[in-house]
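Structure first, commentary second.
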Ligand code: SF4
Ligand code: SF4
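Residue numbers (our numbering), protein chains in the order written: chain A, 1 to 158; chain B, 159 to 455.
Structure below.
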């Protein structure tokens with residue numbers, strides 16, 4: 001994660017975040033490091049640090065946070081959120097950062113692929129007749145192959 | 159005591175593709191215990207995989223599936239912990255936020271559906287624990303599995319965020335799976351990182367870090383002397399079972415630690431055979447571990 005450069009701050013960044021569900025209480029953070037000690041990613045990669053991501057957000061470092069690869073390392077495991085003594089909803093805050101990154105045009109290819117699959121065809125692994133034959137062979141019932149309904153609930157733009 | 163023994167089964171994306179051993183064994187165990195699992199028709203993804211990219215679309219996906227269950231008039235039973243949390247979270251969100259409900263229902267109307275409270279979602283293991291109970295399940299057992307030393311992996315979303323799960327278990331000191339495993343006679347082995355995440359969600363982002371997270375747990379389990387692992391989520395199984403070889407190669411180590419789904423373990427105790435429980439589909443071979451429990455093939 002980059003050093004904090006206070007020259008490039010954007011106070012609206014924090015204001016936007018505190019309006020999103022999960023971001024409300026980030027300014028209550030006391031940097032006690034309980035989240036850091038609970039994080040399975042920090043455990044294997046010391047440069048990932050949830051408390052520091054909160055700090056960077058409070059300082060208004062929009063580009064560094066949203067454009068950084070590190071926010072995508074959060075697994076959404078909730079270990080931090082369950083233990084924060086200040087009630088900061090850290091996991092949900094991290095999810096909001098990822099959503100804001102996507103809105104700003106930053107999306108890792110793996111995440112983009114999943115988004116396209118799910119909103120385009122309804123499931124990550126669609127099921128066809130061949131799959132159903134394999135299922136029947138091992139005594140599993142056939143499953144519906146059609147997910148056409150996604151076209152109705154997510155109409156293609158344009 | 160029993161409220162209902164019929165459930166709408168929500169399989170999600172991963173189980174039919176990568177967890178057929180889980181599905182097979184869960185269906186067998188459910189039937190043995192008198193739980194009727196009715197497949198949810200035309201279900202789609204629960205929304206979990208796209209939460210990080212687009213929360214509002216994820217909520218619509220979850221609500222669609224919940225509306226299908228509502229139409230069936232049944233509570234939902236899930237096998238995947240990620241599906242469990244995505245659907246349960248959606249129920250909580252929609253039930254307290256009228257605005258969100260309106261937005262979602264506008265989309266669902268195009269599919270002729272409506273989200274209406276109440277819809278109840280519970281993980282299969284939670285239903286076993288709450289609706290049938292360890293003592294009653296134990297009455298169905300024919301074999302004592304005391305040769306097994308099991309490390310239980312709860313995973314994250316079976317328990318968390320705790321605020322959506324009505325306190326059915328305790329995040330810092332979970333007990334439900336311990337209770338369900340110990341009735342088989344197997345010894346439950348405690349180990350250092352029992353609460354650690356499997357790392358699965360970041361596999362498409364940074365494979366090496368994801369595998370490093372999974373490795374930590376495999377190290378802890380082997381150090382504690384367990385000879386198998388038990389879990390309740392297909393994502394976790396991908397990390398510990400499907401990717402165990404990859405972890406061994408990447409970090410030049412060796413585990414050879416069989417990974418069993420909870421209903422596989424219960425099914426062995428109930429007397430089902432290997433095939434019926436899909437044990438042939440587990441990636442790390444279970445033959446030696448379970449040799450004492452099956453007739454020679
Ligand atoms: S646990 Fe909470 S208060 Fe402590 S550093 Fe993390 S976010 Fe801040
Ligand atoms: S939710 Fe994210 S930041 Fe929090 S402990 Fe888990 S991986 Fe770390």
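Don't be surprised by glycine CBs; every beta carbon is placed ideally from N, CA and C. Note that the structure is predicted; figures quoted are calculated from it, not measured.
Under three-state DSSP, which class holds residue i?
i                     : result
residue 293 (chain B) : helix
residue 298 (chain B) : coil
residue 164 (chain B) : strand
residue 394 (chain B) : helix
residue 315 (chain B) : coil
residue 269 (chain B) : coil
residue 77 (chain A)  : coil
residue 175 (chain B) : helix
residue 159 (chain B) : Residue confidence for residue 159 (chain B) is low, a pLDDT of 40 falling below 50, so the modelled location carries little weight and cannot support an answer.
residue 284 (chain B) : helix
residue 364 (chain B) : coil
residue 189 (chain B) : helix
residue 216 (chain B) : helix
residue 113 (chain A) : helix
residue 446 (chain B) : helix
residue 233 (chain B) : strand
residue 454 (chain B) : coil
residue 308 (chain B) : strand
Could you say which of the options lies nearest to residue i if we only look at CA atoms?
i                     : options                       : result
residue 369 (chain B) : A:16, A:93 and A:43           : A:43
residue 447 (chain B) : B:281, B:386 and B:279        : B:386
residue 454 (chain B) : B:312, B:431 and B:441        : B:431
residue 300 (chain B) : B:438, B:169, B:192 and B:424 : B:424
residue 138 (chain A) : B:346, B:441, B:359 and B:433 : B:433
residue 127 (chain A) : B:167, B:203, B:259 and B:265 : B:203
residue 245 (chain B) : B:309, B:267, B:256 and B:222 : B:222
residue 377 (chain B) : B:270, B:363, B:442 and B:402 : B:402
residue 393 (chain B) : B:384, B:372 and B:383        : B:372
residue 87 (chain A)  : A:61, A:22, A:147 and A:155   : A:22
Is residue i near ligand 1, with its Cβ less than 7 Å from a heavy atom?
i                     : result
residue 53 (chain A)  : no
residue 202 (chain B) : no
residue 32 (chain A)  : yes
residue 50 (chain A)  : yes
residue 528 (chain B) : With chain B running from 159 to 455 in the structure shown, residue 528 (chain B) is simply not present.
residue 96 (chain A)  : no
residue 300 (chain B) : no
residue 21 (chain A)  : no
residue 74 (chain A)  : no
residue 416 (chain B) : no
For ligand 2, I want to know if residue i counts as a neighbour, meaning its beta carbon is within less than 7 Å of at least one of the ligand's heavy atoms.
i                     : result
residue 47 (chain A)  : no
residue 413 (chain B) : no
residue 362 (chain B) : no
residue 40 (chain A)  : yes
residue 243 (chain B) : no
What separation, rounded to the nearest whole angstrom, lies between the Cα atoms of residue i and residue j?
i                     : j                     : result
residue 159 (chain B) : residue 318 (chain B) : With a pLDDT of 40 at residue 159 (chain B), under the threshold of 50, the modelled position of that residue is not reliable, and no figure is offered here.
residue 416 (chain B) : residue 293 (chain B) : 26 Å
residue 72 (chain A)  : residue 429 (chain B) : 44 Å
residue 85 (chain A)  : residue 47 (chain A)  : 23 Å
residue 18 (chain A)  : residue 39 (chain A)  : 23 Å
residue 227 (chain B) : residue 49 (chain A)  : 40 Å
residue 240 (chain B) : residue 304 (chain B) : 31 Å
residue 308 (chain B) : residue 287 (chain B) : 18 Å
residue 380 (chain B) : residue 175 (chain B) : 29 Å
residue 111 (chain A) : residue 362 (chain B) : 7 Å
residue 122 (chain A) : residue 210 (chain B) : 17 Å
Can you round the beta-carbon distance between residue i and residue j to whole angstroms, since I take them to be within the 8 Å contact cut?
i                     : j                     : result
residue 249 (chain B) : residue 316 (chain B) : Wrong, their Cβ atoms sit about 16 Å apart, outside the cutoff.
residue 140 (chain A) : residue 182 (chain B) : 6 Å
residue 341 (chain B) : residue 405 (chain B) : Not really, about 31 Å apart at Cβ, beyond 8 Å.
residue 219 (chain B) : residue 205 (chain B) : 4 Å
I want to check one thing, is the minimum distance from the CB of residue i to the heavy atoms of ligand 4 below 7 Å?
i                    : result
residue 88 (chain A) : By its list of ligands, the structure shown excludes ligand 4, since it contains just ligand 1 and ligand 2.
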